[in-house]
Each structure stands twice: as structure tokens, then as C-alpha cells.
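Student: First to last, the sequence lines map onto chains A and B. Counting in our numbering, the first sequence runs without a single skipped number right up to 279 at its last residue. Counting in our numbering, the second sequence runs without a single skipped number right up to 406 at its last residue.
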Amino acid sequence: MSRIAETFAALKRLGRGGFIPFITAGDPDIATTELLLIELAAAGADIIELGVPFSDPVADGETIQRASERALRKGVTLRDVLTCVARAKQHIDVPIVLFSYFNPLLRFGEDRLANKAKEAGVDAVLVTDLIPEEAQTWIEILVQRDLEPIFLVAPTTSDQRLKEIARQARGFIYAVSRAGVTGTRDEMTGDAEALVKRVRSVSDLPVAVGFGISTAEQIRQVWHFAEAAVTGSAIVREIEKLAGSADLVDRIGEFARSLLAPKTNDSPQQGTLPSRAQH
Amino acid sequence: MQKSQIIRSEPDEHGHWGRFGGRYVPEILVAPLEELTEEFTRARQDNNFWRELNQLLRDYAGRPTPLFHARRLTAHAGGAQIYLKREDLLHTGAHKINNALGQALLARRMRKQRVIAETGAGQHGVATATVCALFGLRCVIYMGAEDVRRQALNVFRMRLLGAEVITVNAGTRTLKDAINEALRDWVTNVHDTYYLLGSALGPHPYPLMVREFQSVIGREAREQILSATGKLPRALIACVGGGSNAIGLFHPFIADERVRLIGVEAGGHGDSLGEHAARFHTGERSGGGCIGVLQGTMSYVLQDPNGQIATTHSISAGLDYSAIGPEHAFLHDNGRAEYISSSDSEALEGFELSARLEGIIPALETAHAILPAVRIARESTRDDAIIVNLSGRGDKDVQLIADLQR
Numbered sequence: 001m002s003r004i005a006e007t008f009a010a011l012k013r014l015g016r017g018g019f020i021p022f023i024t025a026g027d028p029d030i031a032t033t034e035l036l037l038i039e040l041a042a043a044g045a046d047i048i049e050l051g052v053p054f055s056d057p058v059a060d061g062e063t064i065q066r067a068s069e070r071a072l073r074k075g076v077t078l079r080d081v082l083t084c085v086a087r088a089k090q091h092i093d094v095p096i097v098l099f100s101y102f103n104p105l106l107r108f109g110e111d112r113l114a115n116k117a118k119e120a121g122v123d124a125v126l127v128t129d130l131i132p133e134e135a136q137t138w139i140e141i142l143v144q145r146d147l148e149p150i151f152l153v154a155p156t157t158s159d160q161r162l163k164e165i166a167r168q169a170r171g172f173i174y175a176v177s178r179a180g181v182t183g184t185r186d187e188m189t190g191d192a193e194a195l196v197k198r199v200r201s202v203s204d205l206p207v208a209v210g211f212g213i214s215t216a217e218q219i220r221q222v223w224h225f226a227e228a229a230v231t232g233s234a235i236v237r238e239i240e241k242l243a244g245s246a247d248l249v250d251r252i253g254e255f256a257r258s259l260l261a262p263k264t265n266d267s268p269q270q271g272t273l274p275s276r277a278q279h
Numbered sequence: 001m002q003k004s005q006i007i008r009s010e011p012d013e014h015g016h017w018g019r020f021g022g023r024y025v026p027e028i029l030v031a032p033l034e035e036l037t038e039e040f041t042r043a044r045q046d047n048n049f050w051r052e053l054n055q056l057l058r059d060y061a062g063r064p065t066p067l068f069h070a071r072r073l074t075a076h077a078g079g080a081q082i083y084l085k086r087e088d089l090l091h092t093g094a095h096k097i098n099n100a101l102g103q104a105l106l107a108r109r110m111r112k113q114r115v116i117a118e119t120g121a122g123q124h125g126v127a128t129a130t131v132c133a134l135f136g137l138r139c140v141i142y143m144g145a146e147d148v149r150r151q152a153l154n155v156f157r158m159r160l161l162g163a164e165v166i167t168v169n170a171g172t173r174t175l176k177d178a179i180n181e182a183l184r185d186w187v188t189n190v191h192d193t194y195y196l197l198g199s200a201l202g203p204h205p206y207p208l209m210v211r212e213f214q215s216v217i218g219r220e221a222r223e224q225i226l227s228a229t230g231k232l233p234r235a236l237i238a239c240v241g242g243g244s245n246a247i248g249l250f251h252p253f254i255a256d257e258r259v260r261l262i263g264v265e266a267g268g269h270g271d272s273l274g275e276h277a278a279r280f281h282t283g284e285r286s287g288g289g290c291i292g293v294l295q296g297t298m299s300y301v302l303q304d305p306n307g308q309i310a311t312t313h314s315i316s317a318g319l320d321y322s323a324i325g326p327e328h329a330f331l332h333d334n335g336r337a338e339y340i341s342s343s344d345s346e347a348l349e350g351f352e353l354s355a356r357l358e359g360i361i362p363a364l365e366t367a368h369a370i371l372p373a374v375r376i377a378r379e380s381t382r383d384d385a386i387i388v389n390l391s392g393r394g395d396k397d398v399q400l401i402a403d404l405q406r
């Protein structure tokens, strides 16, 4: 069983929803990213999505675009990102999903990337602009190395394609909550829940919901109908705000904890959250 | 270079020309792209669609455009007869209107009320704003801040036509960044918005569709040259940014193997990565010759060794783009078409030559094709003819030239 499958199995046993934070590698710098991975794991992340910075992130809103720009200004490369994962993985065993656009991977070399990613301890790869129709070779390359290809589904995805994507996907299915780019939204629409229902009818894989999930309340809402919630821009925005402060890592840890178990929230979820330190 | 026996250049059903093209997009865009592909496929087989488009091209845009025998330029070159395909005479001043009209008809068939587009030089933005006014559609144009600066006249024209022009400050602030913003708009507003892409690039079906709408250039030119000279031309020459005017001229000649197809890229002001927009430029420093994925399609992409998209430079906003349309990549790799480049200063020289010798002020983009045309004419005999796609007029560039001369 893969680490991701184990994680979802454990969540199911514990009867709680999963928390998947996203950060951009190299923001504010690659050394801090390593510490952030460790801190997010300690704060209760079940899986971490690590964004590979790209010059032209068309699926991302302004927050993550700016994070990418900051990382690229620091000269962060895919090689740096993999080194960072390898170092962090000496301290944590939370599954890591590499989240990238296709061109940097293509330039690095698909085979070489898969080898290096596996060595570094990456568990899965999600390529934002690679749909299964264009990904046949890529999927084979990943699967041969026990890396899991994660695919997105969107409210606009037809039932027929949903079935096809479910057939190709491993690990979990990432459901995009609504039309649009990444970024925080005040409220969730019913689109996400309807989409997850459609996924259920064609797949047994766990479903994570992302795009626009930025508050503890929204995460709880997602847990009512999906296995996990992804929070990206809200965390990246905190990192941006804290740029330069000495306690950035601790405060991002606090922020992640507040998303998971808000102090004012007396929902039963809170009591069932195990401390990650015991794992 | 050994030429293969290419007699056709058609993509597979998913928009691949060999390994190039395809659909590299966020999942959310697959549904609207499929919807668009279906509608385009239906329209393509619908005589009424073509009848309406051809009537608009004739009565509104001013087709057919003349094929003009440029005698003084020919004398200057001292070789083959140079003919200019006068797309600059079209309504709005460039070939872009051919595609804008075709796609606007599609948008109307699909009942989309809002149209978005990117623009570099502003010619496609003006064409889109124009057809939106004609069809009563809302129009939003994305344009990089750098291009807004150097093509101020076109920004004003778009606004006069009722379009909202959004200045893009991200990235390199040029065409590439305008496309990024248009794509972001589209993923957010997929339900009511039609993305009217202006060049033969982006995800399937755009490269195919834009080529189909621009192929009218080559079809007319082929008839015109045959009737003027009784034989096929020795060469066709066109500037290549994304590549829509070039592919529009080239495509109807693909099976005519003896006709050389020559695309001219922007050589900018140097050979290093970042100093030009010559995607087929070879050599270590240039960053040329790299296959990659940008904005939905696989093609040649100027990029750094880490796969980050490189900045480009060209004096002309319309050629200032890091990738090239996938069909050009295909024609390049199989040797059917040749690609060369003209530097900024060669473009300026061509600009002046066209103005002084023929009384035609070309767009700076188009001006890149003039000097190569003279060179190629010089290498050929007087019995031969070559056709240059005079893709756009240069009014928009006059201020920039004036500033340079100051």
C-alpha cells in the first residue's frame, strides 16, 4: 500500500477529514521551505503539496503567482526543490505531492525527474497543465517507479472524462471546487459537493477538494462530503505577509493548527484530532 | 537539409502535428475546448457558415486583397519579381480580421455574450474589438503593459470601439503575459465567455481553427499569382510571431513542393537568450531549439535550462513571443518550411525600403520579411516570382519610429 493510501486508510479509521496544505517551494527561500515542510507535518498535515515555481502559472491566482515569482527571483530550480524534499523527508514521513506545470519537468527530463523524485521521497506528482489524454507516457514513467500520478477534475469535466480520469488516477482525485484559478474565496458554492458525488459514482479513490478553501469553516464543510481539503493560497498569503520575520516558520505552524482546530470551534472534529507527534 | 515528401499538414483528431500541438491545459478548460472543437467542426461543414463569413470578408473586411507587383522593390533586388499580398489593406489594417470574423461567428453560434482576447501589437485586439462592436458582444482585451506603452494608438482604437482594455503588469508585460491573463479569465468565466485567440497557437482547436480562417490569404494568393505569372512562385515569405499570417499564406501551398516556404522570426538585438524571439535559433547561447509546452501547446519554446520561459525581445510587439505555433514546429522539423530571422535594425531597414520604394508603410512585424525577400529575390532569376505577406500596415508604429529617429 502506498503512503498516500495508508494515510487515507488511517483517516478513515479515525473518522476524520484530511488536511492538505500547499506551499510554493522556495518561498521565501528554499531553506525555509524545508523547515516549513517539517513544521506543517508537525502541525497536522496529512499530505503536503509542494509547488514547483514556474514563470507562467496560468492556473494560479495572484497569491501563488507572486510566490512563484519570489522563488524564481531566488533562483530556485527543480533540482533545489527535490533536494529540499529529500532533506525534509529525513525528519517527516508525511506524503509529499509535487505540484508543477509541465514545462520544467519536460526540460528536466521525464525519466530523470521520476528517478530523482522517487529518490528524494516524493510520493506523487500532479501536473496542472497535463490532462490524462496527453499523459500516457508520463503516467507509465511514474507508475514504473511507484510514484502516483494525481489528476484534477473540475465542475466542467464531463461524466465520460471523469470515468477516464478515474481510471488513470492513483492516490487520490483532486476535485477543483469551482471554475477559476487558485485563490481564496469567501464562500463555497454547491459545485464542489456535486462534483465529488459524481466522482464517487465512478471511483473508489479518496477525493480531496481544493481551490478557494481558506478557512477552518470551509475545511470542515469539505470534510462533510470529501476525504480531504487542500488549502493553498491562504497559507501562501500568510507566508508572504510574514516575509522577513524570524518566527515565520512557527507562525505558519500556528496558522495551520488554527485551520485544523480553531480554538473557538467546539465541533466534535476537534476532539478526534490526534497529535501528529504520536505518529 | 533533406526535404521530406510533405504533401499535407493536418493534425490528428486531438490537434497533434507529430509531437507538436495538443492540449496542455488545466482540466477546467477541457470542456470549453471540446465544446469549441465540436462547434468549429460543425461550422466547417456548414455551407451557410462559410457563405456568411465570405460575405463579411468581402463586404466588411474588404477581401479579396490585391496581390501587388512591387516593381521598384523588384528592381532594387535585381532578381525575382516581388509580389506583395496586401493584407494591410483590410479593414482594421492587418490580416487579424480574417480570424476575428470567423471566430466571432462561432461565438455567436455558441451564444456567448462576452468575448475576451489577448493582443501583442494591438492588431488582434483592434480586430476583436471591431467584430464585437459589429455583433454587439461585450469585449475585454488583455494587453501587456510594455505593449500598451509602445502601441498606444491601438489601445485608443480598441477603447473607441467599446472594448475594455486591461493592462497586464505580470511577468514580462508582453504578449505571453496577456495570454496568461486571458486564460485565467477564461477558466473563471467559462460559462458565458468566448476566448478569441489571435494566433495559430494555444491548445487544440485554436492552431487548426486560426489556420483555417487565415488560409484565405494563401488561397487567394495562389490564384492571383497563377493568373499574373502563369506559374507558381519560387518562394513565400512571411514574418512569424505565433505564426498566423505565415501559416495562412503557406498552407494552400504545402503540397506544391517546389515553392519554398520561408518564415521570418524576430532576431531582436542579440544572440543571447532574452535578446530575441527566434524560437528556431540554434546555438548554445540563444536558447533556441528547445521543445517545450507553453500556454496549451507543445512547440519550440524559448526557455532557460530550468524550463522557465525566457523573456524575449523584439522591436515589434507582435513578434515578441517565446513560443511558435505548433504547425510551424512541425513544418520546421520535417523540413517543408524554412525559418530565418531579421534583427531589429534589419526590420527598420525593411520598413524604410517598403515606404520609400513602394509607398507602403508596413507594420514593424511585417517589415521583418522585407530584407529577406530582397535577398531571396536576388538569388533567383527574373522569371521567378516571390510573394511577401504584407500582413499589416504600419500606422501604429509611426510614433515609435519617430521616437527612434529623434
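Heads up, the beta-carbon is just placed ideally off N, CA and C, and yes, glycines get one too.
Excluding the five sequence neighbours on either side, which residues of its own chain have a C-beta within less than 8 Å of the C-beta of residue 229 of chain B, listed in chain order?
Tutor: Along the second sequence, read from residue 1 onward, the residue named residue 229 of chain B stands at position 229. Contacts found: 81, 385.
Student: Leaving out five residues on either side along the sequence, give the residues of the same chain with a beta carbon under 8 Å from the beta carbon of residue 422 of chain B.
Tutor: This structure does not reach residue 422 of chain B, given that chain B is present from 1 up to 406, and the question cannot be answered.
Student: If you reduce the DSSP assignment to three classes, tell me which class residue 169 of chain B lands in.
Tutor: To locate residue 169 of chain B, count along the second sequence from 1; it is residue 169. DSSP places residue 169 of chain B in coil when its eight states are reduced to three.
Student: With a threshold of 8 Å on Cβ separation, who are the neighbours of residue 262 of chain B within its own chain once the five nearest residues in sequence on each side are excluded?
Tutor: Along the second sequence, one-based indexing puts residue 262 of chain B at 262. Closer than 8 Å at Cβ, skipping near neighbours: 235, 236, 237, 238, 337, 338, 339, 340, 372, 376.
Student: Is the separation between the beta-carbon of residue 226 of chain A and that of residue 175 of chain A shorter than 8 Å?
Tutor: Working through the first sequence from its first residue, we reach residue 226 of chain A at position 226. Working through the first sequence from its first residue, we reach residue 175 of chain A at position 175. Closer than 8 Å, so yes.
Student: Using the C-alpha atoms, what's the distance from residue 164 of chain A back to residue 198 of chain A?
Tutor: For the purposes of this step, residue 198 of chain A is identified with residue 198 of the first sequence, where counting begins at 1. For the purposes of this step, residue 164 of chain A is identified with residue 164 of the first sequence, where counting begins at 1. For residue 198 of chain A and residue 164 of chain A, the distance between alpha carbons rounds to 13 Å.
Student: To the nearest angstrom, how far is it from the Cα of residue 242 of chain B to the Cα of residue 202 of chain A?
Tutor: As a working mapping, residue 242 of chain B is identified with position 242 in the second sequence. As a working mapping, residue 202 of chain A is identified with position 202 in the first sequence. Rounded to whole angstroms, residue 242 of chain B to residue 202 of chain A spans 40 Å at the Cα level.
Student: Considering just the uninterrupted stretch of the alpha helix (DSSP H) at residue 255 of chain A, what are its terminal residues?
Tutor: Here the question's residue 255 of chain A lines up with position 255 in the first sequence. Segment 248–260, the alpha helix (DSSP H) holding residue 255 of chain A.
Student: Answer yes if the stretch 244–264 of chain B comes into contact with the stretch 296–314 of chain B, meaning at least three C-beta pairs across the two stretches below 8 Å, and no otherwise.
Tutor: Touching, no.
Student: With a 10 Å radius around its C-beta and 16 neighbouring C-beta atoms as the bar for buried, classify residue 241 of chain A as buried or exposed.
Tutor: Along the first sequence, read from residue 1 onward, the residue named residue 241 of chain A stands at position 241. Residue 241 of chain A comes out exposed.
Student: What are the residues in the stretch 93–105 of chain A lying within 9 Å of chain B by C-beta distance?
Tutor: Per Cβ criterion, the list reads 101, 102, 103, 104, 105.
Student: Express the C-alpha separation of residue 143 of chain A and residue 116 of chain A in angstroms, rounding to a whole number.
Tutor: Along the first sequence, read from residue 1 onward, the residue named residue 116 of chain A stands at position 116. Along the first sequence, read from residue 1 onward, the residue named residue 143 of chain A stands at position 143. Spanning the two alpha carbons is a distance of roughly 14 Å.
Student: Please state if the CB of residue 102 of chain A and the CB of residue 24 of chain B are separated by a distance shorter than 8 Å.
Tutor: The residue you call residue 24 of chain B lines up with position 24 of the second sequence. The residue you call residue 102 of chain A lines up with position 102 of the first sequence. Yes; because the gap between Cβ atoms is below 8 Å, this pair is in contact.
Student: Using CA coordinates, which residue listed in A/259, A/171, A/57, A/65 is at the minimum distance from residue 95 of chain A?
Tutor: Position 95 of the first sequence, counted from the first residue, corresponds to residue 95 of chain A. Residue 95 of chain A has its Cα closest to that of A/171, out of A/259, A/171, A/57, A/65.
Student: Could you tell me how far apart the beta carbons of residue 131 of chain B and residue 100 of chain B are, in whole angstroms, since I believe they sit closer than 8 Å?
Tutor: Along the second sequence, read from residue 1 onward, the residue named residue 131 of chain B stands at position 131. Along the second sequence, read from residue 1 onward, the residue named residue 100 of chain B stands at position 100. Yes, they are in contact, since the Cβ atoms of residue 131 of chain B and residue 100 of chain B sit about 5 Å apart, within 8 Å.
Student: How many Å lie between residue 21 of chain B and residue 347 of chain B at the Cα?
Tutor: For the purposes of this step, residue 21 of chain B is taken as residue 21 along the second sequence, with counting starting at 1. For the purposes of this step, residue 347 of chain B is taken as residue 347 along the second sequence, with counting starting at 1. Their Cα atoms are separated by approximately 29 Å.
Student: With C-beta atoms as the reference, is residue 208 of chain A less than 8 Å away from residue 259 of chain A?
Tutor: Against the first sequence, residue 208 of chain A aligns to sequence position 208. Against the first sequence, residue 259 of chain A aligns to sequence position 259. No, the Cβ-Cβ distance between residue 208 of chain A and residue 259 of chain A is not below 8 Å.
Student: Which full runs of the beta strand (DSSP E) of 3+ residues lie inside the stretch 98–172 of chain A, going along the chain?
Tutor: For the stretch 98–172 of chain A, whole beta strand (DSSP E) runs of length 3 or above, ordered along the chain, are 124–127, 148–153.
Student: Does DSSP put residue 209 of chain A in a helix, a strand or coil?
Tutor: Here residue 209 of chain A refers to the residue found at position 209 when the first sequence is read from its first residue. Looking at residue 209 of chain A - three-state DSSP - the assignment turns out to be strand.
Student: Assess contact between the stretch 178–185 of chain A and the stretch 228–238 of chain A, defined as three or more Cβ pairs (one per stretch) separated by less than 8 Å. Is contact present?
Tutor: Yes, since at least three Cβ pairs between the stretch 178–185 of chain A and the stretch 228–238 of chain A fall closer than 8 Å, the two stretches touch.
Student: In terms of residue numbering, what span does the beta strand (DSSP E) encompassing residue 262 of chain B cover?
Tutor: Walking along the second sequence from the start, residue 262 of chain B turns up at place 262. Its beta strand (DSSP E) spans residues 260–268.
Student: Exposed or buried, what is residue 325 of chain B when buried is set at 16 or more other beta-carbons lying within 10 Å of its beta-carbon?
Tutor: Taking the second sequence and counting its residues from 1, the one referred to as residue 325 of chain B is at position 325. It counts as buried.
Student: Give a yes or no on whether 8 Å exceeds the smallest Cβ distance from residue 169 of chain B to chain A.
Tutor: In the second sequence, residue 169 of chain B corresponds to position 169, counting from 1. Cβ-Cβ to chain A under 8 Å: no for residue 169 of chain B.
Student: Against chain A, does residue 482 of chain B count as a neighbour if the rule is that its beta carbon must be under 8 Å from one of theirs?
Tutor: Outside the shown range of chain B, which is 1 to 406, sits residue 482 of chain B, and nothing can be said about it.
Student: Just how far apart, CA to CA, sit residue 160 of chain B and residue 127 of chain B?
Tutor: On the second sequence, residue 160 of chain B is found 160 positions in, with the first residue counted as 1. On the second sequence, residue 127 of chain B is found 127 positions in, with the first residue counted as 1. Rounded to whole angstroms, residue 160 of chain B to residue 127 of chain B spans 12 Å at the Cα level.
Student: Suppose contacts are defined by Cβ-Cβ distances below 8 Å. Is residue 245 of chain B in contact with residue 217 of chain B by that definition?
Tutor: As a first step, residue 245 of chain B must be located in the second sequence, where it is residue number 245. As a first step, residue 217 of chain B must be located in the second sequence, where it is residue number 217. Going by C-beta atoms, residue 245 of chain B is nearer than 8 Å to residue 217 of chain B.
Student: The beta strand (DSSP E) that contains residue 21 of chain A, what's its start and end?
Tutor: Position 21 of the first sequence, counting from 1, holds the residue named residue 21 of chain A. Residue 21 of chain A -> beta strand (DSSP E) spans 18–24.
Student: For residue 19 of chain A versus residue 41 of chain A, is the C-beta spacing smaller than 8 Å?
Tutor: Within the first sequence, residue 19 of chain A is the residue found at index 19, counting from 1. Within the first sequence, residue 41 of chain A is the residue found at index 41, counting from 1. Going by C-beta atoms, residue 19 of chain A is not nearer than 8 Å to residue 41 of chain A.
Student: Just the C-alpha distance for residue 284 of chain A and residue 210 of chain A, rounded to the nearest angstrom, thanks.
Tutor: No answer is possible for residue 284 of chain A: it lies beyond the span of chain A, which begins at 1 and ends at 279.
Student: Taking Cβ positions only, does residue 7 of chain A come closer than 8 Å to chain B?
Tutor: Taking the first sequence and counting its residues from 1, one reaches residue 7 of chain A at position 7. Not an interface residue.
Student: Residue 110 of chain B bridges to which residues according to DSSP?
Tutor: The residue you call residue 110 of chain B lines up with position 110 of the second sequence. None; residue 110 of chain B has no bridge partner.
Student: For residue 25 of chain A, which residues in the same chain have their Cβ closer than 7 Å to its Cβ, ignoring the five residues on either side in sequence?
Tutor: The sequence position of residue 25 of chain A within the first sequence is 25, counting from 1. Within the same chain, residue 25 of chain A has close Cβ partners 33, 50, 51, 52, 53, 71, 76, 81, 84.
Student: If you follow the alpha helix (DSSP H) that residue 206 of chain B is in, where does it begin and where does it stop?
Tutor: As a first step, residue 206 of chain B is located in the second sequence; it is residue number 206 there, counting from the start. First-last of the alpha helix (DSSP H) with residue 206 of chain B: 206–214.
Student: DSSP has residue 86 of chain B in a bridge; who is on the other side?
Tutor: As a working note, residue 86 of chain B is residue 86 in the second sequence. According to DSSP, which records beta bridges pairwise, residue 86 of chain B is partnered with B/390.
Student: Given that a residue counts as buried once 16 or more other Cβ atoms are within 10 Å of its Cβ, and exposed if not, what is residue 412 of chain B?
Tutor: Residue coverage of chain B in this structure runs from 1 to 406, which leaves residue 412 of chain B outside it and unanswerable.
Student: Using the three-state DSSP reduction, which class does residue 141 of chain B fall into: helix, strand or coil?
Tutor: On the second sequence, residue 141 of chain B is found 141 positions in, with the first residue counted as 1. Residue 141 of chain B falls in the strand class under three-state DSSP.
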